[in-house]
Structure formats: C-alpha cells, structure tokens
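Worksheet: one structure, shown below.
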Amino acid sequence: MVDNTDKKKENRTQSARNVRPLVESMYLRAHQARERGQKVAYCMVMSQYDEILAAMDIVPVWTENYGGLCAAMGTAQPFLEKAEAEGYSNLICGYARTGIGFDALRAEMGEAPQTPDGGMPMPDMLLGSSIGCDTRFKWYQALGCYMDVPIYCIDVIVPPVNRDLYEIKDFYVKYQAEQLRGLVKFLEKTTGCQLDPDRLMSIIHRAEEARHWWWEAQQLCRAIPAPMSARDHFNIFVPHHFMIGEEATLDFYKELYQELKDRVDSGIGVVDNERYRLLFAGGLPPWHSMGIFSYFGSLGAVFPAQLAYPPPDPFTIPDNINDPIELIALRSFERFTYRWEQAHRGCGDFWVQHILDLVPEFNIDGLVMHGVMSCRATSMGQIYYQNAVQKYAKLRTLFIGSDIVDIRTYSEAQTKIQIDNFLETVETRKSNKASN
Numbered sequence: 047m048v049d050n051t052d053k054k055k056e057n058r059t060q061s062a063r064n065v066r067p068l069v070e071s072m073y074l075r076a077h078q079a080r081e082r083g084q085k086v087a088y089c090m091v092m093s094q095y096d097e098i099l100a101a102m103d104i105v106p107v108w109t110e111n112y113g114g115l116c117a118a119m120g121t122a123q124p125f126l127e128k129a130e131a132e133g134y135s136n137l138i139c140g141y142a143r144t145g146i147g148f149d150a151l152r153a154e155m156g157e158a159p160q161t162p163d164g165g166m167p168m169p170d171m172l173l174g175s176s177i178g179c180d181t182r183f184k185w186y187q188a189l190g191c192y193m194d195v196p197i198y199c200i201d202v203i204v205p206p207v208n209r210d211l212y213e214i215k216d217f218y219v220k221y222q223a224e225q226l227r228g229l230v231k232f233l234e235k236t237t238g239c240q241l242d243p244d245r246l247m248s249i250i251h252r253a254e255e256a257r258h259w260w261w262e263a264q265q266l267c268r269a270i271p272a273p274m275s276a277r278d279h280f281n282i283f284v285p286h287h288f289m290i291g292e293e294a295t296l297d298f299y300k301e302l303y304q305e306l307k308d309r310v311d312s313g314i315g316v317v318d319n320e321r322y323r324l325l326f327a328g329g330l331p332p333w334h335s336m337g338i339f340s341y342f343g344s345l346g347a348v349f350p351a352q353l354a355y356p357p358p359d360p361f362t363i364p365d366n367i368n369d370p371i372e373l374i375a376l377r378s379f380e381r382f383t384y385r386w387e388q389a390h391r392g393c394g395d396f397w398v399q400h401i402l403d404l405v406p407e408f409n410i411d412g413l414v415m416h417g418v419m420s421c422r423a424t425s426m427g428q429i430y431y432q433n434a435v436q437k438y439a440k441l442r443t444l445f446i447g448s449d450i451v452d453i454r455t456y457s458e459a460q461t462k463i464q465i466d467n468f469l470e471t472v473e474t475r476k477s478n479k480a481s482n
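Residue numbering for the sequence shown follows my numbering, starting at 47 and increasing by one per position.
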C-alpha cells in the first residue's frame, strides 16, 4: 500500500511562476498591436513559421494556447457550449471548440466576451497548418462563418519512419522550403511589407540559442531528486512555443537552467521524499485540473521527463546555409527525424524507442498516459505503445481519461483512486526488483 502519511507540497520553481506575467503581456501586446493597426495573426504551434512572423512584425495569437488558458482559468465552458450549439461535436478538439465558441460569441455580441487576458483580438489573417492533425486545417476554415479575413494553410510534413532518410532528405527539405516561400508571399501581400532575410537569420540564431538552454535545463532533470515538477514543465514550455525569437525568451531559459542547476547542486527536489519517477508518456495534459500533478507529488511521485511539449532535440546551424528559409526547412526535417535512425537500430517504432531511451536516462519507474477525449492525434496508439514497451521494459502504465479543456469529462475522485492503485503496483515492482 502506498504510504501517504508524509504528504507535502511541491517545491515549485520561480521560473514557472514567472510564466503567467509573460502570458498576460503576450495578450496585452496583441491587443495593443490591433489598436495601432499592426497586423495580428491567428496561429498554430509547431507550424515552423514562428521566426518568420517575428521578422515581419506580425503579432501572433496562439489560439490553441487560449483554449488551454481558458481551461486552466475555469472559463472555457461557455465557449464549449456555444460551439456545440453551433453544431460541433464534443469529440472535436477542445482547443478548437473553445476558439470557435469564442469567435461565434464575438460575432453574435459584436464584441469580445469577457475572458482571461481580454480574450483574443480580432485577427487580420488566419495561419493554419497540417502538422499534427486535420483540425489545424479545418478550424480556421470554419471561422469563415464568423469573420471575413484571409486564410493561409501551410503543409508541414513529417517523413515516414521506415524510409531511408538520405534518399528522401533533399526532396523533403525542398518541398518544405517551397511551402514556407508560399507563406512568405502571402504575408508580404497581406501586410505590404517585405521579409528581411538578414533579420530573419538573426532571429533564428537567437531562437536556437534559447532552445539550447531549454534542452540543457531538461537534462538536469535526470538528477535524483528531480529538480522540477511536471506542473512546472507545463508552464515553462510557454515562452518557447509562443514567444520564440524574443530576447526575453532567451533570458528566461538561461535563468531556468541556472535555477535548476542550483537546485541539483543543492540536492533540492520537487518533493522532499522522492519515491517514484514517472514519465508522462502519452497525450496532452488536463489543463482544467493541473492540480492532479500535485497529488502525484504528495505521494512521492515526480515526473522528471515528459513526451508532451518537450524541448526540441539539438540542432546545429550549418555554416554553408545563408538562406534562412532553407535553414528553417532543413531544421524542420532534422527535428522531425532526429530519432528515426535510433528507432531503426532499436525496436523499429520511433515513439516506443523514445520512451525506451528515456527510461534509463531519467531512471523511470512507470508510465502515465492521458487519453484525451477530443485529441485522437495524441491519444491513438497508447495501448499499442504500452504493450510494445512491455516487451523491453517491464513498466507499469497508468491510463487517465479526460480532456484537454472540457472538465465535464473528468472525475477527480476516480482519478485519485487510479493513482493510488497505480503507485501500489509501482511500489510492488520496485520492491520485487530490489529483492532479486
């Protein structure tokens, strides 16, 4: 039985506490940009155009982020209900339903609903992409019912893992560069401004430096005890995903690295009595109930690594590439295929191999997967991943079911019972392993 007699609050990082003011300033800047006539764009994460927007002074509004923010602040329900009243199924992405509901209410009311950080300002353009799921194409198309602004969807491609990378690399990089150049033409036409390649290259270099520091900070989480909690991780990814290329983002990750290094050097962990090291191995977090990670912590369970919103794998900028668009295309290919060869040498599945690599690196005792009701892209295959991992590492897996935004899918009492039972099995495995 799991001993929970010495429950204690998590030792949160100051870096994670600093994120909320950054988010507030991000939305404030977007509203101010709209007021002074600067171009504002609805955007999707992982679309490879972040630095391009920064170089062209286009202010991004990350609509998926706003869905998560509303869930975390407990204000998503009216938007979900409005989207459902408009005919959208509750199985459609929670982020999309929140965004569609928000824009439907704005169109109906004639002004933005009262929501966190003033809501999302009306965009001048919608920039969708294909990466991850088809909702990223269809969501912004659906917004045509509520606003009349230009839309552009970029194709972001991920090569199949079973292909020879050397054989397909040139084609994929060329194709991705063509997609990016098409986007640039659209942006130049929409804004009336030309992209400055030198400025873009400078922003890319600054962004890669920030990514370097974040990646180095994550490596510090291999330490025992783990210096940072999962709840903090799901805060500190925000500057990278939504503010990359800014000086403030580079400073943020340098400070995060130093804070975690100081913790490791001083032996300061997430909890005072670390007993179980878990990997968040599938799905996206339940933004509506992030306190559940603190419940894990109260039982001595920490998450030194996560497969949701991790720092990108290292990328070295080649000296022989002077075209920033070509550089972004190459980086996209390299990042998406970084673990392909390791998978070929290992189990054959890159996701499973990634888990298997992280288990010894971070001394993982068990896996936790979140089956997200409205996100097939991050939830499908979880049973397969569990079974595949079991062939190589006899780890226990906990499946939690709810949603990223919709709290109606969630039962805190049931989830806590699941966690208690899961940690008992992890404890039994650890005890048996120690006695053998």
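Every residue gets a Cβ at the ideal spot worked out from N, C-alpha and C, and that includes glycine.
If you keep only unbroken beta strand (DSSP E) runs of at least 3 residues inside the stretch 365–435, you get 412–418. With respect to G113, A122 sits close: the two C-beta atoms are nearer than 8 Å.
Residue pairing by DSSP places Y198 opposite L173 in a beta bridge. C-alpha of H400 to C-alpha of F382: approximately 13 Å in a straight line. Under DSSP, V207 shares a beta bridge with no residue.
Sequence-distant Cβ neighbours of A87 in its own chain, meaning closer than 8 Å and more than five residues away, are L99, I104, V105, P106, V107, P169, D170, M171, L172 and L173. For Y221, DSSP assigns no beta-bridge partner whatsoever. When secondary structure is reduced to three states using DSSP, S312 falls in the helix class. Within the same chain, and ignoring the five residues on either side of L211 in sequence, the residues whose Cβ sits closer than 8 Å to its Cβ are P205, T383, W386 and E387. Membership of R442 in the beta strand (DSSP E) is indicated by the continuous run R442 to S448. Excluding the 5 residues flanking it on each side, Y303 has same chain C-beta neighbours closer than 6 Å at W259, E262 and A263, in chain order.
Within its own chain, the residues whose Cβ lies closer than 6 Å to the Cβ of A118, once the five positions on either side in sequence are excluded, are W333, listed in chain order.
Going by DSSP, L325 is part of no alpha helix (DSSP H) but of the beta strand (DSSP E) stretching over Y322 to G328.
Counted as a single uninterrupted DSSP element, the alpha helix (DSSP H) harbouring C116 occupies residues T109 to M119.
In the DSSP annotation of this structure, the continuous segment of the alpha helix (DSSP H) that includes A129 starts and ends at Q123 to A131. The alpha-carbon of G447 is positioned some 23 Å away from that of V405.
C-alpha of K184 to C-alpha of L376: approximately 27 Å in a straight line. According to the DSSP secondary-structure assignment, V86 is paired through a beta bridge with V105. By the criterion of a C-beta distance shorter than 7 Å, M102 is surrounded in its chain by L233, T237, C239 and L241, once the five residues flanking it on both sides are discounted.
The closest CA to that of F283, considering only N57, E56 and V69, is found on V69.
Judged by DSSP in its simplified three-state form, P331 adopts coil rather than helix or strand.
When only Cα atoms are considered, E224 and I146 end up about 30 Å apart.
Of all alpha-carbon atoms in L74, K128 and L413, the one lying nearest the alpha-carbon of L441 is that of L413.
Between P167 and A76, the beta carbon gap of about 5 Å places them in contact (Cβ cut-off 8 Å). In this chain, the beta strand (DSSP E) harbouring Q352 covers A347 to Q352. F349 and K231 have their C-alpha atoms spaced approximately 43 Å apart. Contact between the stretch 293–309 and the stretch 426–438 is not established, with fewer than three Cβ pairs separated by less than 8 Å.
For S175, same chain residues with a beta-carbon under 7 Å away, outside a window of 5 residues either side, are M90, S93, R182, C199, I200 and V202 in chain order.
Between A434 and V398, the CB-CB gap stays under 8 Å. Proximity to C139 across A327, F280, A351 and I450 peaks at I450, based on C-alpha coordinates. Taking all protein chains shown into account, D194 has fewer than 16 neighbouring C-beta atoms within 10 Å of its C-beta and is therefore exposed. Pairing L246 with M419 gives a Cβ-Cβ distance that is not under 8 Å. In the DSSP annotation of this structure, the continuous segment of the alpha helix (DSSP H) that includes E255 starts and ends at P243 to Q265. The C-alpha of R209 lies about 17 Å from the C-alpha of Q222.
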